[in-house]
Structures are given as structure tokens and as C-alpha cells.
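For the sequence shown, position 180 (counting from the first letter as 1) is numbered 180 according to this note's numbering, and the numbering increases by one without interruption. Cβ coordinates follow ideal geometry from the N, Cα and C atoms, glycine included. Computed from a predicted structure; not experimentally measured. A quick write-up on the structure given underneath.
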Amino acid sequence: MNTTTISTQGDDASTGSEAELGGARRTRRRTFLTLGTVAVLAAGAGAGTFATKTGPFAPEPTPTATAFTGATDTITRGDLKGETSVTGTLRYADPHKLKSSFDGVLVQVPSSGTVLTHGDVIYSTGSEYAYLMHGAIPAWRSFEAGMENGEDIRQLETILRGMGYFDYEPDNRFTWYTTNAIMKWQKAVGLAQTGTIPLGRMVFVPGDLRVGTVSARLGDQIGAGSEICDVTSTTQVVESNVKLSDQRLAVVGTAVTITLPDATSTTGTISEVGTPIEKKSSESGSGSDSGGSETKERVIPITVTLDDTSATASFQEVSVTVALPSETREDVLSVPVGALLALTPDQFGVEIVESDGTTRKVPVTIGLFAGGRVEVSGDDIAEGDRVVVPQT
Numbered sequence: 001m002n003t004t005t006i007s008t009q010g011d012d013a014s015t016g017s018e019a020e021l022g023g024a025r026r027t028r029r030r031t032f033l034t035l036g037t038v039a040v041l042a043a044g045a046g047a048g049t050f051a052t053k054t055g056p057f058a059p060e061p062t063p064t065a066t067a068f069t070g071a072t073d074t075i076t077r078g079d080l081k082g083e084t085s086v087t088g089t090l091r092y093a094d095p096h097k098l099k100s101s102f103d104g105v106l107v108q109v110p111s112s113g114t115v116l117t118h119g120d121v122i123y124s125t126g127s128e129y130a131y132l133m134h135g136a137i138p139a140w141r142s143f144e145a146g147m148e149n150g151e152d153i154r155q156l157e158t159i160l161r162g163m164g165y166f167d168y169e170p171d172n173r174f175t176w177y178t179t180n181a182i183m184k185w186q187k188a189v190g191l192a193q194t195g196t197i198p199l200g201r202m203v204f205v206p207g208d209l210r211v212g213t214v215s216a217r218l219g220d221q222i223g224a225g226s227e228i229c230d231v232t233s234t235t236q237v238v239e240s241n242v243k244l245s246d247q248r249l250a251v252v253g254t255a256v257t258i259t260l261p262d263a264t265s266t267t268g269t270i271s272e273v274g275t276p277i278e279k280k281s282s283e284s285g286s287g288s289d290s291g292g293s294e295t296k297e298r299v300i301p302i303t304v305t306l307d308d309t310s311a312t313a314s315f316q317e318v319s320v321t322v323a324l325p326s327e328t329r330e331d332v333l334s335v336p337v338g339a340l341l342a343l344t345p346d347q348f349g350v351e352i353v354e355s356d357g358t359t360r361k362v363p364v365t366i367g368l369f370a371g372g373r374v375e376v377s378g379d380d381i382a383e384g385d386r387v388v389v390p391q392t
């Protein structure tokens, strides 16, 4: 190491006394030692500073936890209901053809889309009219004095009483009171007051009718049995078929969910379950050109009554999806299906987000899948925990 000696005396120091020389030497030595000590200390301090900041003995930096900011969902507790989906058709109930019961030339027919209600004229030949009346028993004979007793008479008297023309308790006998009530009605609607109602002049149906395709035209000559128009009930229903293997799901009174073409959903109840029938189904294409073939499958037809008819008012006849409840788990924890992770080939898990934003993966046992969620259980999860889900 090169050492530079710094002198504190001028060039004329050699002319001084011995004592002065000795003093000067001592002064130089002290000055050197002092400077050397300072240099060593300074070097030591610098080395110490370097070691403290970057040397091998520097302390490890304190890690900073990064809070999770992705998408999360919550572990919830409740009932989980499994579903089996089948395709169905939403349509108006009870489609059938309305036929004439008398002869003549048509001068009045209903328009397609018309709703016929109690007391309306369905069609007319000018001299004869067919009126719609609400009743469960179809007309099968004329109403006139001397006819045999029957429940159809009670139905007629009940209708006339509801319209204000019959003042007594309805029964199954055609009496003078019945004749008088008929005449009052005939006068009110402008008909000849005969006191009798020929067959076909009153058409008894359970409720209002919605007119579909009209097959007869004004001026057509009609006779008994001539087709007038297609009609349905004004009530919409869903008709579907359930596989025999799923027949346990086809139970009258079962509540179902119906998904409509616009992706909205409504609810309904199975009101009818038919006997097994054979349904044709196409395999691997359709038509002779594609080489497709038809097979027959045994199915059970079901009818679903809607809980809210206003939910389907904008539809006439469309394909829908019916979800039948198949299995229920009560009071279980569940997470969105997207929250599941494959921790190992044999173990599923979820990633829990802690209150400080850190995450940890925990194993879970899975159960029922339903409605986009899955039943989960495990020692390290609880209701209300947040779990990581895919970003949408």
C-alpha cells in the first residue's frame, strides 16, 4: 500500500535546533498517525456502509402481499334442486274444428284471431244463428216442451238464470218456466219468440274460443257437419314428452320452470299425464338423401298449466324448454361450478379469498350439480367465504 506522508513544516525547518527537529519529527509522526487512523476509520466506515446495504450479510427484504382483485363469488347455504330438461311446445289448448249444425248460405263468419265469448254469434246463415254459451255438456238435442229430463236442461236453465231470464232454481226438467225464459232471451237478441232452441243454435263450450284458420267464406253453402273454422281455448299450455326412464318425474302437481325463446322464464304445474305412446325420432340426419332413419321411442306425454299467463302473451306457438325437478339437497353449501379447481387428478378444490386479499386453495368434496352451482363440503370452507371465479 502506498502511503503519502504529509509534512507540516516549511523548507527552512532544517535550520532549527535539535530540540526543534526532534519536536518536528514527533509532530510529523503524530500527524501521520492521526491521518492514518482517520483514513482507516474512514475506510472501515465506508466498508461497513457497503456491507450494510449490499453485502452478503444484508437482511432479506420484507415481502409485500398483493391483494386479489379478480372476480369472486360467495359460498352460500340453502336447498339445491337438480333438474332434467325436456323440449316442449307452448300453444293454445284444446285445438279442434268447429262445424256447422244446420244448412244455409253463410252471411257471417268470425275472423282469424277473434276471441269469441259467452253470448257471441259464431256464424250465421241470415235466418239462423249459432251462439256460443259457456257450458260443460255439449248440445246433443233440441230444447223444447215435452223433452225428457236431463242435466243439459239444468245447464240451460243455469245459463239463462245467469243472463237474467230464469228466475227459479235450475233443475233437470223442461217446464213452462224454461219456455218463458227462452222466449225472454230470444226477444233480447232479436229472434222469433218460439220458446224452443233447435239443435246447433247454442254451442256449449267450457270457455271462450280463439279463432284460428277460417275455412268457410261468406256466401258458402253449408250443411250439417261443414267445417267453419279452427278454434282453440284462450288458455295457453305447454305440451311435452318425458322418456320412460324419467317417468318418476311426470307427476301431476309437480312445479316446473319453463324457458321461453327470448331467454326469459316462467313457472307452471303439470296438470295432465298421459299414457305411454310411441314417438318417432330421427337418427343421423333427415330425409332419404341424407341416409337418415326413423326410430320409435316410448314416451309419456305431459301437459303443463302456466302459473302466469301474462308471461307468454306475446307468443302463439313456440318451442320451449321445460325443467323438471329431479333431485333435491337441503341445507347444503354450494358454489358456482366455475369456482371448482382440479387440485389433483382425484381431488377438487376452491380458492378462498381471505379478508386481507390473499388467497389459499382448499380441497372440497363435491355433490349435486344444479342451476350452474355445485354442492361442496369440507373442513376449510364456510358459508359466506369468498371464492375465486372466472372473470366474465
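key: Unbroken beta strand (DSSP E) run spanning Met133, endpoints   = Here residue 133 refers to the residue found at position 133 of the sequence shown. Boundaries of the beta strand (DSSP E) harbouring Met133: Tyr129 to His134, taken from the DSSP string.
Spatial neighbours of Ser233 in its chain, beta-carbon cut-off 8 angstroms, leaving aside the 5 residues before and after = The count along the sequence shown starts at 1 and reaches residue 233 at position 233. Only residues of its own chain outside the window of five on either side were considered, and among them Tyr92, Ala93, Asp94, Pro206, Gly207, Asp208, Leu209 and Arg210 have a CB closer than 8 angstroms to the CB of Ser233, listed in chain order.
query = At what residues does the beta strand (DSSP E) containing Tyr123 begin and finish?
reply = The residue you call residue 123 lines up with position 123 of the sequence shown. Residues Val121 to Ser124.
message = For the segment 164 to 182 against the segment 143 to 150, do three or more pairs of beta-carbon atoms, one drawn from each stretch, fall closer than 8 angstroms, so that the two count as touching?
response = Between the segment 164 to 182 and the segment 143 to 150 there are three or more C-beta pairs closer than 8 angstroms, enough to call the two in contact.
query = Roughly how many angstroms lie between the CA atoms of Ile222 and Ala216, to the nearest whole one?
reply = Within the sequence shown, numbered from 1, the residue matching residue 222 stands at position 222. Within the sequence shown, numbered from 1, the residue matching residue 216 stands at position 216. Answer to the nearest angstrom: the Cα atoms are 9 angstroms apart.
query = At which residues does the alpha helix (DSSP H) containing Gly190 begin and terminate?
reply = Taking the sequence shown and counting its residues from 1, one reaches residue 190 at position 190. Note, Gly190: premise wrong, no alpha helix (DSSP H); not H, not E.
ask   = Which residues share a DSSP beta bridge with Leu209?
value = Start at 1 with the first residue of the sequence shown, and residue 209 comes out as number 209. Looking at the DSSP output, Leu209 bridges to Leu116 and Ser233.
task = Just mark Val121 as buried or exposed, buried being the case when its beta carbon has 16 or more other beta carbons within 10 Å.
result = Residue 121 sits at position 121 when you count from the first residue of the sequence shown. Result: exposed.
query = Just the Cα atoms here: how many angstroms apart are Leu260 and Val86?
reply = Numbered from 1 along the sequence shown, position 260 holds the residue referred to as residue 260. Numbered from 1 along the sequence shown, position 86 holds the residue referred to as residue 86. A direct Cα-Cα distance of roughly 13 angstroms separates Leu260 from Val86.
request  = Put Arg248 into one of helix, strand or coil per three-state DSSP.
outcome  = Working through the sequence shown from its first residue, we reach residue 248 at position 248. Arg248 falls in the helix class under three-state DSSP.
key: For Ile381 and Thr333, believed in contact at Cβ under 8 angstroms, the rounded distance   = Taking the sequence shown and counting its residues from 1, the one referred to as residue 333 is at position 333. Taking the sequence shown and counting its residues from 1, the one referred to as residue 381 is at position 381. Contrary to the premise, residue 333 reads as Leu rather than Thr in this sequence. Rounded to the nearest angstrom, the Cβ distance from Leu333 to Ile381 is 7 angstroms, consistent with a contact under 8 angstroms.
ask   = Looking only at C-alpha atoms, which of Gly338, Lys97, Glu297 and Leu244 sits nearest to Gly372?
value = Here the question's residue 372 lines up with position 372 in the sequence shown. Of the candidates Gly338, Lys97, Glu297 and Leu244, the one whose C-alpha sits nearest the C-alpha of Gly372 is Gly338.
ask   = Do Glu317 and Leu90 come within 8 angstroms of each other at the CB atom, strictly closer than that value?
value = If you number the sequence shown from 1, residue 90 lands on position 90. If you number the sequence shown from 1, residue 317 lands on position 317. One thing to note: Leu90 has its Cβ within 8 angstroms of the Cβ of Glu317.
ask   = For Leu41, does the count of other Cβ atoms within 10 angstroms reach 16, so buried, or fall short, so exposed?
value = Taking the first residue of the sequence shown as position 1, residue 41 is located at position 41. Interpretation of Leu41 is limited by its pLDDT of 33, a score under 50 that renders its predicted location unreliable; the figure taken from the coordinates is listed afterwards. Counting Cβ neighbours within 10 Å, Leu41 comes out exposed, since fewer than 16 surround it.
inquiry  = Let me make sure I understand the geometry here. Which of Glu128, Trp140 and Met202 has the alpha-carbon closest to that of Ile159?
reply    = Counting from 1 along the sequence shown, the entry for residue 159 is found at position 159. Comparing Cα positions, the closest option is Met202.
request  = Taking Val322 as the reference, give the member of Ser124, Thr305, Asn149 and Ile137 with the closest Cα.
outcome  = Here residue 322 is taken as the residue at index 322 of the sequence shown, counted from 1. Its Cα nearest to that of Val322, the residue Thr305 stands out among Ser124, Thr305, Asn149 and Ile137.
request  = Please classify Asp152: does DSSP put it in a helix, a strand, or coil?
outcome  = Counting from one through the sequence shown, the residue named residue 152 turns up at place 152. Here Asp152 sits in helix by DSSP.
query = Does DSSP classify Arg201 as helix, strand or coil?
reply = Translated into positions along the sequence shown, residue 201 becomes position 201. Of the three classes helix, strand and coil, the one that applies to Arg201 here is coil, per DSSP.
Buried versus exposed, by CB contacts within 10 Å (16 or more), Ser310 = As a working note, residue 310 is residue 310 in the sequence shown. Per the 10 Å Cβ criterion, exposed.
request  = Determine the burial state of Ala342: buried for a count of at least 16 other Cβ atoms within 10 Å of its Cβ, exposed for fewer.
outcome  = Counting from 1 along the sequence shown, the entry for residue 342 is found at position 342. So Ala342 counts as exposed.
ask   = Is Val109 helix, strand or coil when you go by DSSP?
value = Within the sequence shown, numbered from 1, the residue matching residue 109 stands at position 109. Coil, per DSSP.
inquiry  = For Tyr168, which residues in the same chain have their Cβ closer than 7 angstroms to its Cβ, ignoring the five residues on either side in sequence?
reply    = In the sequence shown, residue 168 corresponds to position 168, counting from 1. When the five nearest sequence neighbours on each side are left out, the beta carbons in the same chain lying within less than 7 angstroms of the beta carbon of Tyr168 are those of Tyr177, in order along the chain.
task = Return yes when the C-beta of Glu272 is under 7 angstroms from any heavy atom of the ligand FAD, and no when it is not.
result = Absence of the ligand FAD from the depicted structure is noted, as is the absence of any ligand whatsoever, leaving it without description.
Own chain, CB closer than 6 angstroms to Thr117, minus 5 neighbours either side, in chain order = Indexing the sequence shown from 1 puts residue 117 at position 117. Apart from sequence neighbours up to five positions away, the residues of its chain that approach Thr117 with a beta-carbon distance below 6 angstroms are Asp208, ordered along the chain.
Contact the segment 106 to 114 vs the segment 260 to 273: 3+ CB pairs below 8 angstroms = Under the three-pair Cβ rule at 8 angstroms, the segment 106 to 114 does not count as touching the segment 260 to 273.
key: Between the CA atoms of Val238 and Pro269 - distance to the nearest angstrom   = Here residue 269 is taken as the residue at index 269 of the sequence shown, counted from 1. Here residue 238 is taken as the residue at index 238 of the sequence shown, counted from 1. Inspection of the sequence shows that residue 269 is occupied by Thr rather than by Pro. Their backbone Cα atoms lie some 10 angstroms apart in a straight line.
CA-to-CA distance, Glu351 to Val389, given in whole angstroms = Position 389 of the sequence shown, counted from the first residue, corresponds to residue 389. Position 351 of the sequence shown, counted from the first residue, corresponds to residue 351. Approximately 9 angstroms between the Cα atoms of the pair.
key: Assigned secondary structure, Gly349 (DSSP; H/G/I helix, E/B strand, else coil)   = Along the sequence shown, read from residue 1 onward, the residue named residue 349 stands at position 349. Annotated three-state conformation of Gly349 is strand, per DSSP.
inquiry  = Measuring alpha carbon to alpha carbon, tell me which residue in Gln193, Glu83, Phe68 and Leu199 is nearest Ala130.
reply    = Stepping through the sequence shown from its first residue, residue 130 is reached at position 130. Among Gln193, Glu83, Phe68 and Leu199, the Cα nearest to that of Ala130 belongs to Leu199.
inquiry  = By alpha-carbon positions, which one of Leu249, Thr267 and Thr264 ends up nearest to Gly274?
reply    = In the sequence shown, residue 274 corresponds to position 274, counting from 1. With distances taken between Cα atoms, Gly274 lies closest to Leu249.
task = Pick helix, strand or coil for Arg360, following the three-state DSSP scheme.
result = As a working note, residue 360 is residue 360 in the sequence shown. Of the three classes helix, strand and coil, the one that applies to Arg360 here is strand, per DSSP.
request  = Alpha carbon to alpha carbon, how far is Ser326 from Ser226? Give it in angstroms, no decimals.
outcome  = Taking the first residue of the sequence shown as position 1, residue 226 is located at position 226. Taking the first residue of the sequence shown as position 1, residue 326 is located at position 326. Ser226 and Ser326 have their alpha carbons spaced roughly 48 angstroms apart.
inquiry  = Residues in the same chain with beta-carbon distance under 8 angstroms from Gly253, minus the five sequence neighbours each way, listed in chain order, please.
reply    = The residue labelled residue 253 in the question sits at position 253 within the sequence shown. Correct list, in chain order: Thr269 and Ile270.
query = Does any C-beta atom of chain D lie closer than 8 angstroms to the C-beta of Gly349?
reply = Among the chains of the structure shown, chain D does not appear; only one protein chain is present.
inquiry  = Rounded to the nearest angstrom, what separates Pro138 and Thr295 at their Cα positions?
reply    = As a position in the sequence shown, residue 138 is number 138, starting the count at 1. As a position in the sequence shown, residue 295 is number 295, starting the count at 1. Rounded to whole angstroms, Pro138 to Thr295 spans 39 angstroms at the Cα level.
key: Rounded C-alpha distance that separates Thr74 from Thr266   = Looking up residue 74 in the sequence shown gives position 74. Looking up residue 266 in the sequence shown gives position 266. One C-alpha to the other measures close to 26 angstroms.
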